[in-house]
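S.K.:
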Amino acid sequence: MTYTIQATTLSGLGALAAGDLSAGGMMRLLMGGAPPASVRTLDLTLRAPGPASGVPRAEHRVPEGLRLGSVLPLVTPPITAVDPDTPGTGSRPESPEGRLLLFNGCAEQATGDQPQVISLERLLPDQQALARRLASMGGLRAQADRLRSGATVLGRWPNTETRGSGASGAVPTGASLVGAHTVSGSYAPTLNFSLDSRHDFLAPVELQISDAAGASLLRWQPVSGAEGYLALVAGAGRQEGDLVIWTSSSRPWGDNPLLGLATLSSGQAGGSPAAGQEGGPGLMPASQTSCAVSAQAMQALQAGVLTFVAPAAPQRLQEPGVSPAWQVQVERQSLLIQPLMEGMERIAPAQEQERPEGGGGPFNLFKGIF
24 MTYTIQATTL
34 SGLGALAAGD
44 LSAGGMMRLL
54 MGGAPPASVR
64 TLDLTLRAPG
74 PASGVPRAEH
84 RVPEGLRLGS
94 VLPLVTPPIT
104 AVDPDTPGTG
114 SRPESPEGRL
124 LLFNGCAEQA
134 TGDQPQVISL
144 ERLLPDQQAL
154 ARRLASMGGL
164 RAQADRLRSG
174 ATVLGRWPNT
184 ETRGSGASGA
194 VPTGASLVGA
204 HTVSGSYAPT
214 LNFSLDSRHD
224 FLAPVELQIS
234 DAAGASLLRW
244 QPVSGAEGYL
254 ALVAGAGRQE
264 GDLVIWTSSS
274 RPWGDNPLLG
284 LATLSSGQAG
294 GSPAAGQEGG
304 PGLMPASQTS
314 CAVSAQAMQA
324 LQAGVLTFVA
334 PAAPQRLQEP
344 GVSPAWQVQV
354 ERQSLLIQPL
364 MEGMERIAPA
374 QEQERPEGGG
384 GPFNLFKGIF
């Protein structure tokens, strides 16, 4: 049995989706004004090898410093209908037209073998759907969940009972995970564990974008506790039907280019499996503070979205000799998502935003990202 704690610090469109999703907040971002400040979010998931017998009930008793009360109910999620545009669940009937243009590396000028061009007709249906989702800035976290083991999700927070549908999991400003925790339920052993500052939320990403002879230069402040960084830009190309994807990885995309894209969203949760997988985009070192989206990639891109991830190494806690066996996995990341287009210069601030008591606003336009 595995209990996963995902602690994420969101900036840019991520903060907009989780916190300041008012019409005014969105317009400030898209019209060139100051981006919204960062927001912290929490996602709790209890997984088991198989379904629970009877009516599943579980709860997580949290420390006072989390500022969410003393108990968070872990609710079993309902079975949802299959999305035909979801990787691995089928495809749309029409034959896709267009190309996938793949760039990589942090140089201002792309190497002569770029872009790698793949006809969308050659991709498998699930790869086509994944490419669409990435290019339309949707489904990163949903894809990460699907890449995990096939264990049954028995309890989750946030959930519809506690925060309503479309809940973002945003926590109050200054909330902390540090302290004693207890997870218990009708189908799980009691888990008692403590978290210290090594398991707390990461600082927000502070990133500046500037033009460099047609390339887009990304500069950022180091994020304490991050084991590295990964940047990805995806969006529509200038030619109708084209999808353009760039990653900061220095390694070529290889024979299975979408493998790295599929594992990116697992890596952003803190596990960074993509760094060690053949053909997957690797993390930039923690000491690196700049990277360029090549001029060729920017020229091919009509409009795109930058995803910048600073994951921490996952922390695993377990008590040997206990039956049934269990482990707690703490996954932390700092994540910036914001528009990127040619000639655009933007700064993502580090200030943390006060979250309204009601959670996200009424215009939940970016729900698909998370």
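Each number in my numbering comes from the position in the sequence shown (counting from 1) with 23 added on.
Note that CB positions come from ideal geometry on N, CA and C, so glycine has one too.
1) Is the separation between the beta-carbon of ALA333 and that of ALA198 shorter than 8 Å?
2) What does the alpha-carbon distance come out to for the pair PRO126 and ALA318?
3) On the premise that LEU306 lies in contact with LEU13, defined as a C-beta separation below 8 Å, what is that separation, rounded to the nearest angstrom?
4) Give the range of the beta strand (DSSP E) segment to which LEU29 is assigned.
5) Straight-line CA distance for ILE370 to MET364?
6) Taking 6 Å as the limit between beta carbons, can you name the residues of its chain near GLN137, skipping five residues before and five after?
7) For ARG80, which residues in the same chain have their Cβ closer than 7 Å to its Cβ, ignoring the five residues on either side in sequence?
8) Exposed or buried, ASP66, counting other C-beta atoms within 10 Å across all chains shown (16 or more means buried)?
9) DSSP three-state call for LEU89: helix, strand or coil?
10) Could you give the DSSP three-state label for THR99: helix, strand or coil?
11) Using 8 Å as the threshold, is the C-beta distance between LEU91 and VAL194 below it?
12) What is the DSSP secondary structure of SER239, reduced to helix, strand or coil?
13) Using the Cβ count rule (16 or more neighbours within 10 Å means buried), how would you classify GLY135?
14) Can you tell which of TRP243, GLU144, ARG274, VAL328 has its C-alpha closest to the C-alpha of ALA226?
15) For ASN215, which residues of its own chain have a beta-carbon under 7 Å away from its beta-carbon, when the five flanking residues on both sides are left out?
16) To the nearest whole angstrom, what separates the beta carbons of GLY264 and GLY121, a pair I think is in contact under 8 Å?
17) Using 8 Å for Cβ pairs, my map puts GLY88 next to GLY202. What's the rounded Cβ distance?
18) Where DSSP assigns a beta bridge to TYR252, which residues make up the other side?
19) Just to confirm my understanding: we take VAL353, look at its own chain, exclude 5 residues before and 5 after, and list those with CB closer than 6 Å. What are they?
20) With DSSP run on the structure shown, which of helix, strand or coil describes ARG221?
21) Kindly list the residues whose CB is nearer than 7 Å to the CB of PRO347, restricted to its own chain and excluding five residues on each side of it in sequence; keep chain order.
22) Using only CA atoms, which one of MET321, GLN311, GLN356, LEU39 lies nearest to GLY237?
23) In this structure, how does DSSP classify ALA38 when only helix, strand and coil are distinguished?
24) Buried or exposed: which applies to GLY344, given that a residue is buried once 16 or more other Cβ atoms fall within 10 Å of its Cβ?
25) For GLN325 versus ALA259, is the C-beta distance shorter than 8 Å?
26) Note the first and the last residue of the continuous alpha helix (DSSP H) segment covering GLN12.
27) How many Å lie between ALA235 and GLU82 at the Cα?
28) Does DSSP classify GLN244 as helix, strand or coil?
29) Ordered along the chain, which non-local residues of its own chain (more than five positions away) have a Cβ less than 6 Å from that of GLY128?
M.R.: Looking at the atomic coordinates:
1) One-based indexing of the sequence shown puts residue 333 at position 310. One-based indexing of the sequence shown puts residue 198 at position 175. Going by C-beta atoms, ALA333 is not nearer than 8 Å to ALA198.
2) Within the sequence shown, the letter at position 103 stands for residue 126. Within the sequence shown, the letter at position 295 stands for residue 318. Checking the sequence, you will find Phe at residue 126 rather than Pro. Going by the C-alpha atoms only, they are around 11 Å apart.
3) The structure shown has nothing for residue 13, since the chain only spans 24 to 393.
4) Sequence index remark: in the sequence shown, residue 29 carries index 6 (1-based). Per the sequence shown, the amino acid found at residue 29 is Gln instead of Leu. 25–35 is the span of the beta strand (DSSP E), which, as asked, contains GLN29.
5) Here residue 370 corresponds to residue number 347 of the sequence shown, with the count starting at 1. Here residue 364 corresponds to residue number 341 of the sequence shown, with the count starting at 1. Low local confidence applies: a pLDDT of 47 at ILE370 is under 50, so the model's placement there is unreliable, with the coordinate-based value given in what follows. One C-alpha to the other measures close to 14 Å.
6) The residue you call residue 137 lines up with position 114 of the sequence shown. Closer than 6 Å at Cβ, skipping near neighbours: PHE126.
7) Your numbering for residue 80 matches position 57 in the sequence shown. Answer for ARG80: GLY208, SER209, listed in chain order.
8) Looking up residue 66 in the sequence shown gives position 43. With 16 or more other Cβ atoms within 10 Å, it is buried.
9) Position 66 of the sequence shown, counting from 1, holds the residue named residue 89. Here LEU89 sits in helix by DSSP.
10) Along the sequence shown, one-based indexing puts residue 99 at 76. In this structure, THR99 counts as coil in the three-state DSSP scheme.
11) Mapped onto the sequence shown, residue 91 falls at position 68. Mapped onto the sequence shown, residue 194 falls at position 171. Result yes, Cβ atoms of LEU91 and VAL194 sit closer than 8 Å.
12) One-based indexing of the sequence shown puts residue 239 at position 216. Reduced to three states, the DSSP call for SER239 is strand.
13) What you label residue 135 is simply residue 112 of the sequence shown in a count that begins at 1. Result: exposed.
14) Residue mapping note: residue 226 aligns to position 203 of the sequence shown, counting from 1. That would be TRP243, whose Cα lies nearest to the Cα of ALA226.
15) For this step, residue 215 is matched to residue 192 along the sequence shown. Contacts found: THR205.
16) The count along the sequence shown starts at 1 and reaches residue 264 at position 241. The count along the sequence shown starts at 1 and reaches residue 121 at position 98. Sure, about 3 Å apart at Cβ, within 8 Å.
17) Here residue 88 corresponds to residue number 65 of the sequence shown, with the count starting at 1. Here residue 202 corresponds to residue number 179 of the sequence shown, with the count starting at 1. Right, their Cβ atoms sit about 6 Å apart.
18) One-based indexing of the sequence shown puts residue 252 at position 229. Partner(s): MET307.
19) The residue labelled residue 353 in the question sits at position 330 within the sequence shown. Excluding positions up to five away in sequence, the list reads ILE28, HIS222, GLN338.
20) As a position in the sequence shown, residue 221 is number 198, starting the count at 1. Looking at ARG221 - three-state DSSP - the assignment turns out to be helix.
21) On the sequence shown, residue 347 is found 324 positions in, with the first residue counted as 1. Contacts found: MET24, PRO212.
22) Your numbering for residue 237 matches position 214 in the sequence shown. The candidate whose alpha carbon is nearest that of GLY237 is MET321.
23) As a first step, residue 38 is located in the sequence shown; it is residue number 15 there, counting from the start. ALA38: helix per DSSP, three-state reduction.
24) On the sequence shown, residue 344 is found 321 positions in, with the first residue counted as 1. Answer is exposed; the Cβ neighbour count stays below 16.
25) Against the sequence shown, residue 325 aligns to sequence position 302. Against the sequence shown, residue 259 aligns to sequence position 236. Contact flag set, yes.
26) Nothing about residue 12 can be reported from this structure: the residues present for the chain run from 24 to 393 only.
27) Stepping through the sequence shown from its first residue, residue 235 is reached at position 212. Stepping through the sequence shown from its first residue, residue 82 is reached at position 59. For ALA235 and GLU82, the distance between alpha carbons rounds to 51 Å.
28) Taking the first residue of the sequence shown as position 1, residue 244 is located at position 221. Reduced to three states, the DSSP call for GLN244 is coil.
29) Locating residue 128 in the sequence shown gives position 105, counting from the first residue. Once the five neighbours on either side are set aside, the close Cβ partners of GLY128 are SER273.
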